[in-house]
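The structure appears below as structure tokens.
There are 2 protein chains.
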Amino acid sequence: MAGNSRDPGRSVTARALSVLTAFDIDHVRLTLTAIARRAEIPLATAHRLVRELEMWGALQRDGDGRYAIGLRLWEIGLLAPVNSRLREVALPHMQELCRHTHDNVHLAVRSGLEVVYVEKLTTPRAVPIISRSGGRLPLHSTGVGKVLLAHAPTTVVHECCERGLDRHTAYTITEPGRLGRELQSVRSRGFAQANEEMTLGNCSVAVPVHDAGGSVVAALGVVAHSARADVGKLVKALLPAAEGIRQRLVELDRSELDLLSR
Amino acid sequence: MAGNSRDPGRSVTARALSVLTAFDIDHVRLTLTAIARRAEIPLATAHRLVRELEMWGALQRDGDGRYAIGLRLWEIGLLAPVNSRLREVALPHMQELCRHTHDNVHLAVRSGLEVVYVEKLTTPRAVPIISRSGGRLPLHSTGVGKVLLAHAPTTVVHECCERGLDRHTAYTITEPGRLGRELQSVRSRGFAQANEEMTLGNCSVAVPVHDAGGSVVAALGVVAHSARADVGKLVKALLPAAEGIRQRLVELDRSELDLLSR
């Protein structure tokens with residue numbers, strides 16, 4: 003606690019944030035004891051912080067006394083550009099793609115060495131998949147991940163390879179040289195494909211989403227049954243959707259610049 | 003700062019949270035100075051807190067030096083039951099409704115005396131509307147709001163009336179007695195309707211979404227052009243969708259109980 007007395011702000015904020023980090027998709031509801039254990043803070047500290055976070059709305063308490071992330075934190079989280087600028091702009095185009103393909107439709111961004119799924123739409127006819135909005139998967143074994151990796155700085159590709167390319171199925175690309183050639187082909191063809199590289203039986207096809215400045219800010223993908231996926235057809239559906247999203251991003255940028263110049 | 007020295011934790015956490023509260027839908031990107039002003043904290047404090055929040059991922063910094071809510075806070079916000087249990091369960095049913103009606107589809111919950119929109123799906127043919135996911139609107143003048151108010155404790159209805167029923171259009175119900183009769187009719191008919199009561203030209207129709215215990219946990223609604231809305235048809239589309247969501251919520255509950263009993 004020496005650091006604490008020198009810089010109480012840093013330490014208290016960090017501990018409050020550690021309470022939030024105690025929650026993840028496998029721990030959506032936690033008792034106070036579990037929060038203290040997972041956040042590695044004393045029970046009395048956890049009690050005080052949880053009470054404050056609950057009063058503010060960052061946590062909410064269930065009928066059975068367990069805590070969950072609160073409505074207010076969810077509301078504030080939605081202000082993140084990944085939702086307010088990207089997801090909301092892309093959603094109508096994703097719905098259209100879903101209607102057209104009857105398959106799972108993904109919008110994803112890169113965070114460090116992982117894919118973060120921004121939104122996932124599905125239909126009753128779609129193949130079951132493990133992704134969920136807000137969830138993370140590897141870059142090298144998913145369609146959207148390959149698109150994001152192909153357009154990332156080369157240092158990111160090196161870091162991925164150094165960390166090791168985990169094998170998820172017999173078809174996962176685990177050899178750095180082969181991955182490099184694959185990413186080159188993603189760039190030259192304009193789309194990525196992952197054939198049963200993450201999950202057996204699933205094929206994903208993805209294309210880049212550009213922003214007003216031409217940078218790749220996201221990947222848009224479809225996951226279908228590998229047996230019935232028509233890659234050419236999927237690419238033909240994906241490209242105009244990605245272009246539609248880009249155009250809306252350009253319009254958004256323009257209206258923001260207009261606002262600033264007033 | 004007397005309170006601060008007696009209880010540094012409360013105060014520091016509250017100030018860190020006030021940095022987050024500086025952001026809202028009209029202030030998605032803020033300079034450090036704007037954060038300090040809106041959070042009502044000294045610039046030096048804001049600087050330290052913002053740096054900590056940025057390091058953790060609660061804030062992110064733009065190319066132009068402005069701050070926005072960060073990806074990590076968005077990810078943690080998605081763990082809130084309103085997303086992880088309600089929105090994700092409802093989304094496929096909302097897509098189906100959207101496909102069927104070609105109108106705006108809303109999922110909403112009540113928070114205090116307001117409607118919080120959990121998700122909004124739209125189509126190119128839908129009438130333009132002001133709601134957005136994470137946004138708030140009044141209870142008495144929207145279809146989903148009337149459903150939520152009709153199934154809220156009577157104290158909530160009293161509080162709404164006491165606070166005053168704001169008039170949004172010439173058709174808004176602003177008289178408590180009339181609102182009471184309207185809510186009674188919502189309960190007896192099993193659906194709510196709002197005809198140009200929030201926005202001229204728009205008609206919204208909504209039904210309750212029940213959970214496993216039979217409580218109304220959300221409202222599902224469609225917003226259409228008032229001139230072309232076929233209320234009977236919309237109710238017929240909404241009811242099975244709400245029932246589909248209820249069934250999935252029951253299944254979720256059962257699988258959680260199974261997990262706990264293992």
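Note that the protein sequences, when read in sequence, are chains A and B.
Residue numbers for the first sequence follow our numbering, beginning at 3 and rising by one.
Residue numbers for the second sequence follow our numbering, beginning at 3 and rising by one.
Just so you know, even glycine gets a beta-carbon here, dropped at the ideal spot from N, CA and C.
Counting the other CB atoms within 10 Å of its CB gives E54 (chain B) a total of 16 or more, which places it among the buried residues. Neighbours of G114 (chain B) in chain A, taken as residues whose beta carbon is under 7 Å from its own, are absent, since the nearest beta carbon is some 10 Å off. Where H227 (chain B) is concerned, the enclosing beta strand (DSSP E) starts and stops at 218–227. Taking C-beta atoms under 8 Å as the contact rule, V207 (chain A) and G145 (chain A) qualify, at a distance of about 6 Å. Per DSSP, the beta bridge partners of V111 (chain A) are A:V118. Non-local beta-carbon contacts of R189 (chain B) in its own chain, meaning distances under 6 Å to residues more than five positions away in sequence, involve A152 in chain order. For Q186 (chain B), the closest Cβ of chain A is not nearer than 8 Å. Contact with chain A is absent for Q249 (chain B), since none of that chain's Cβ atoms lies less than 8 Å from the residue's Cβ. According to the DSSP assignment, A92 (chain B) belongs to the alpha helix (DSSP H) that extends over 90–103.
Burial check for L181 (chain A): the Cβ neighbour count within 10 Å reaches 16 or more, so the residue is buried. Cβ proximity to chain A below 8 Å picks out T47, R50, L51, E54, L55, W58, A60, Q62, A70, I71 from the segment 37–71 of chain B. The DSSP assignment places 45–58, 73–79 as complete runs of the alpha helix (DSSP H) inside the segment 36–84 of chain B, in order along the chain (cut-off: 4 residues). For S257 (chain A), the nearest beta carbon of chain B is not closer than 8 Å to its own beta carbon.
Measuring C-alpha to C-alpha distances from A110 (chain B) to each of B:R183, B:E245, B:V209 identifies B:V209 as the nearest. DSSP places H160 (chain A) within a helical segment (H, G or I) once states are collapsed to three.
Cβ contact annotation for N106 (chain A) (same chain, cutoff 6 Å, sequence separation greater than five): T124, A128, I131, V225, in chain order. Following the DSSP letters along the chain, one finds L150 (chain B) inside the alpha helix (DSSP H) bounded by residues 145–152.
Beta-bridge partners of P155 (chain B) (DSSP): none assigned. Taken through DSSP and simplified to helix, strand or coil, D213 (chain A) comes out as coil. Between the segment 135–144 of chain A and the segment 229–249 of chain A there are fewer than three inter-stretch CB-CB distances shorter than 8 Å, so the stretches are not counted as touching. The Cβ-Cβ distance between A92 (chain A) and I247 (chain A) falls below 8 Å.
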